[in-house]
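Report on the following structure.
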Amino acid sequence: MTEIRNDQSKEQDFNRLRAKDRQIQSDLMAVSEKVRARHPFLIKHRDAVGMTIFLVSLAGMALNGWLWLEGIIPAWVVIVLSAFWTSLLHELEHDLIHYMYFRKQPVWHNLMMAGVYIARPLTQNPWVRRHLHLHHHKVSGTETDLEERAITNGEKWDWRRFLMVGDNMFAFYLRAGKYFKELRKLLAQGKVNRNDLKNLRIIAALSFFPLGTTIYAKR
Numbered sequence: 118m119t120e121i122r123n124d125q126s127k128e129q130d131f132n133r134l135r136a137k138d139r140q141i142q143s144d145l146m147a148v149s150e151k152v153r154a155r156h157p158f159l160i161k162h163r164d165a166v167g168m169t170i171f172l173v174s175l176a177g178m179a180l181n182g183w184l185w186l187e188g189i190i191p192a193w194v195v196i197v198l199s200a201f202w203t204s205l206l207h208e209l210e211h212d213l214i215h216y217m218y219f220r221k222q223p224v225w226h227n228l229m230m231a232g233v234y235i236a237r238p239l240t241q242n243p244w245v246r247r248h249l250h251l252h253h254h255k256v257s258g259t260e261t262d263l264e265e266r267a268i269t270n271g272e273k274w275d276w277r278r279f280l281m282v283g284d285n286m287f288a289f290y291l292r293a294g295k296y297f298k299e300l301r302k303l304l305a306q307g308k309v310n311r312n313d314l315k316n317l318r319i320i321a322a323l324s325f326f327p328l329g330t331t332i333y334a335k336r
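Structure representation (C-alpha cells):
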C-alpha cells in the first residue's frame with residue numbers, strides 16, 4: 118500500500134512539473150510572437166539571417182586557426198573563440214532540426230546541416246539527432262528522453278558523470294549497455310512498444326556515426 122502511495126505521489130509531482138513546463142512554453146511562445154510582430158524583418162529574411170550566422174561562424178573558426186598558425190594568438194585564445202563560434206553553430210543546428218531555415222529548399226537546408234556537423238564532428242549526427250530531439254519535445258523529462266539523458270541529465274553526480282559531461286563519445290560508450298537494458302525494462306513496463314524499442318536502439322547506435330565514431334577511433 119505504501120509503495121502504491123509513493124508511486125501516486127511521484128506521478129502527481131511529475132504532473133505538476135509538466136503543467137509548469139507547459140505554462141513556461143506558452144509564455145515563451147507569447148514573447149516570441151511579440152518579438153516577431155515587432156521585427157517582421159527577421160521573419161521575411163529568416164533564411165538570409167541563418168545563412169549569415171552560418172558563414173560568419175565558419176569564417177571565424179577559420180580565422181582563429183590561421184591566426185594561431187601564424188603565431189599571432191595563443192592556443193587558449195583559439196579555444197575560447199572557437200567555443201563561441203561553435204556555440205552559434207550549435208544553436209543554428211537546433212533551428213535547422215526544427216526546419217526553421219530553407220524549409221522549402223532541401224539542398225540548402227541539408228548543406229547547412231552538413232556544415233554545422235563537419236564543423237563540430239564529435240557531436241551527434243544532426244539528421245539522427247532530429248529524431249531524438251523531436252522525441253525529446255514529446256516526452257521531455259521522462260525515462261525515454263534519450264537526448265536529455267545523453268547529456269547526463271538524471272545521472273547522479275560522481276566522477277563518472279564529471280568525465281561524461283566533458284566527452285559525449287566517452288559517455289555514450291560508458292553507458293551503451295545500460296541504454297539497451299533499460300529500453301527492455303521500459304518495454305516490459307509498457308512505456309514503449311516494440312516499434313519504439315527498435316527505433317530508439319537504432320537511433321542510439323547511430324547517433325555519432327559516421328564522423329564521431331571515425332574520429333574518436335583515431336584519437
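Sequence positions in the sequence shown follow the working numbering and run 118 to 336.
Using N, Cα and C, we set each Cβ at its ideal position, and we do this for glycine too.
- Under the criterion of beta carbons closer than 8 Å, Leu314 and Leu304 qualify as touching, at roughly 5 Å.
- For Lys315, the enclosing alpha helix (DSSP H) covers residues Arg311 to Leu323.
- Exposure of Ile235 is indicated by the presence of fewer than 16 other C-beta atoms within 10 angstroms of its C-beta.
- Counting every other CB atom within 10 Å of its CB across the protein chains shown gives Asn181 a total of 16 or more, marking it as buried.
- Looking at the backbone, the Cα of Ala165 and that of Arg318 are separated by about 37 Å.
- When rounded, the separation of the alpha-carbon atoms in Arg155 and Ser149 is 10 Å.
- In the DSSP assignment, Glu299 falls within the alpha helix (DSSP H) that extends over Asn285 to Ala305.
- Restricting attention to alpha helix (DSSP H) runs no shorter than 4 residues, the stretch 152-201 encloses them at 157-161 and 163-186, ordered along the chain.
- Its chain contains Thr261, Leu300, Leu303 and Leu317 as the residues whose beta carbon lies nearer than 8 Å to that of Val309, once the 5 sequence neighbours on both sides are disregarded; these appear in chain order.
- Leu209 sits close to Phe171, with the two beta carbons spaced by under 8 Å.
- Nearest to Ile332 by C-alpha distance, out of Thr240, Lys151, Val245 and Asp144, is Thr240.
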